[in-house]
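Colleague: Numbering (this note's numbering), first residue to last: 338 to 685.
C-beta: ideal position from N, C-alpha, C; glycine also.
Can you keep this structure in mind? I'll have questions shortly.
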């Protein structure tokens, strides 16, 4: 936590990033230590892939962000300008009782970020400080390399605009909500799948294949069910955080590496444990999306093998909602969206 700042909770943050000519996107200042944040947006990637100046919204899993990219003139920078980005980030779940339309709320704060950028451009020492830290990744707080006058002025502006941006409502700790659980064997692609639907969300903001709010619903509620959780009949410490995982389940995603055939028997056992427990608690209507991950475009296990191994037709006849999609999750964006459409349709 930077000194001389109030102790802000990790429900709302203000961060300033810049593009370093040597190491690329880098964090300049934030009111929190981001390495300790869970499921936090990678601001470096946001700055790297959104090169045009301007203000834009980016929703990332549990966090919603408003970002403003701008230039400051400098004789020390290649091309005569440094690229900076101000990001205001908060977890809308903590303010859902007061903020009905999150995106409308963020839209209303665009002028505040633009005003803050104008103020930062007036700080004469900022360009020379950016030159001083160029190429350095482990300098701690860059303000320690600046003059006392600059540091004081910078922190005063930071606090001023943090207060302008932040909701004044009392934080509401959200009750446990329904979850979409991903399960499967190790290295089947569960984490990659999550990252890729987040990437799809980012690139499709201007021309979305699915409405942004639907993406937010899916991404914000996805959890990876640990391998140990299923092996221990859902009694591991991770599951205790949610009460009973299966009572909290709104949907399941089973991830299979269909480039390998030798693990299918063990995976069937995991799948059967989920089905059995759903039947025990009367939760058979919970949809299960099955994704066969074609790693390196290899498809050793075909659709017929999946249907036979997991008895999909028999389970469907018993009223369970199941659907299998073979997808190369690293490349086939349209198929991922099609699978998500099926899942959302059967969740509603």
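Less than 7 Å between the C-beta atoms of residue 415 and residue 462, yes or no?
Modeller: Taking the first residue of the chain shown as position 1, residue 415 is located at position 78. Taking the first residue of the chain shown as position 1, residue 462 is located at position 125. No, the pair does not count as a contact, with Cβ atoms beyond the cut-off.
Colleague: Report yes or no: do three or more beta-carbon pairs, one from the region 610-628 and one from the region 667-685, lie closer than 8 Å?
Modeller: As far as the Cβ criterion goes, the region 610-628 touches the region 667-685, which means the pair count is three or higher.
Colleague: For the candidate residues 637, 665, 560, 356, whose alpha-carbon lies nearest to that of residue 472?
Modeller: As a working note, residue 472 is residue 135 in the chain shown. Of the listed residues, the one whose Cα sits closest to residue 472 is 356.
Colleague: Residue 604 and residue 593 look like a contact to me (Cβ under 8 Å); what is the Cβ gap, rounded to whole Å?
Modeller: Against the chain shown, residue 604 aligns to sequence position 267. Against the chain shown, residue 593 aligns to sequence position 256. Rounded, the Cβ-Cβ distance is 6 Å, consistent with contact.
Colleague: List the residues that DSSP assigns as beta-bridge partners of residue 661.
Modeller: Residue mapping note: residue 661 aligns to position 324 of the chain shown, counting from 1. In DSSP, residue 661 forms a bridge with 627.
Colleague: If you check the beta carbons only, do residue 466 and residue 445 fall under 7 Å apart?
Modeller: On the chain shown, residue 466 is found 129 positions in, with the first residue counted as 1. On the chain shown, residue 445 is found 108 positions in, with the first residue counted as 1. The answer is no: Cβ separation not under 7 Å.
Colleague: Between residue 501 and the rest of its own chain, which residues show a CB-CB distance below 6 Å, the 5 nearest in sequence each way excluded?
Modeller: As a first step, residue 501 must be located in the chain shown, where it is residue number 164. Excluding sequence neighbours, residue 501 sits near 449.
Colleague: Which term fits residue 655, buried or exposed, when burial requires 16 or more other beta carbons within 10 angstroms of its beta carbon?
Modeller: Working through the chain shown from its first residue, we reach residue 655 at position 318. Residue 655 should be labelled exposed.
Colleague: Once you ignore the five residues that flank residue 495 on each side, which residues in its own chain have a CB closer than 6 Å to its CB?
Modeller: Here the question's residue 495 lines up with position 158 in the chain shown. Correct list: empty, nothing qualifies.
Colleague: DSSP puts residue 408 in a beta bridge; with which residues?
Modeller: In the chain shown, counting from the first residue as 1, residue 408 sits at position 71. Partner(s): 420.
Colleague: Span of the alpha helix (DSSP H) holding residue 640?
Modeller: On the chain shown, residue 640 is found 303 positions in, with the first residue counted as 1. Residues 640-646.
Colleague: Anyone know if the C-beta pair for residue 384 and residue 368 falls short of 7 Å?
Modeller: Here residue 384 corresponds to residue number 47 of the chain shown, with the count starting at 1. Here residue 368 corresponds to residue number 31 of the chain shown, with the count starting at 1. No, these two residues do not count as a Cβ contact at 7 Å.
Colleague: Under 7 Å between the Cβ atoms of residue 409 and residue 393?
Modeller: The count along the chain shown starts at 1 and reaches residue 409 at position 72. The count along the chain shown starts at 1 and reaches residue 393 at position 56. For residue 409 and residue 393, no; Cβs fall outside 7 Å.
Colleague: For residue 629, which option in 651, 601, 403, 610 has the closest C-alpha, if you only look at C-alpha atoms?
Modeller: Taking the first residue of the chain shown as position 1, residue 629 is located at position 292. Measuring from the Cα of residue 629, the nearest candidate turns out to be 601.
Colleague: Residue 661 and residue 643 look like a contact to me (Cβ under 8 Å); what is the Cβ gap, rounded to whole Å?
Modeller: Taking the chain shown and counting its residues from 1, one reaches residue 661 at position 324. Taking the chain shown and counting its residues from 1, one reaches residue 643 at position 306. Right, their Cβ atoms sit about 5 Å apart.
Colleague: Closest to residue 560 by C-alpha separation, out of 531, 537, 535, would be which residue?
Modeller: Taking the first residue of the chain shown as 1, we reach residue 560 at position 223. Nearest C-alpha to residue 560: 531.
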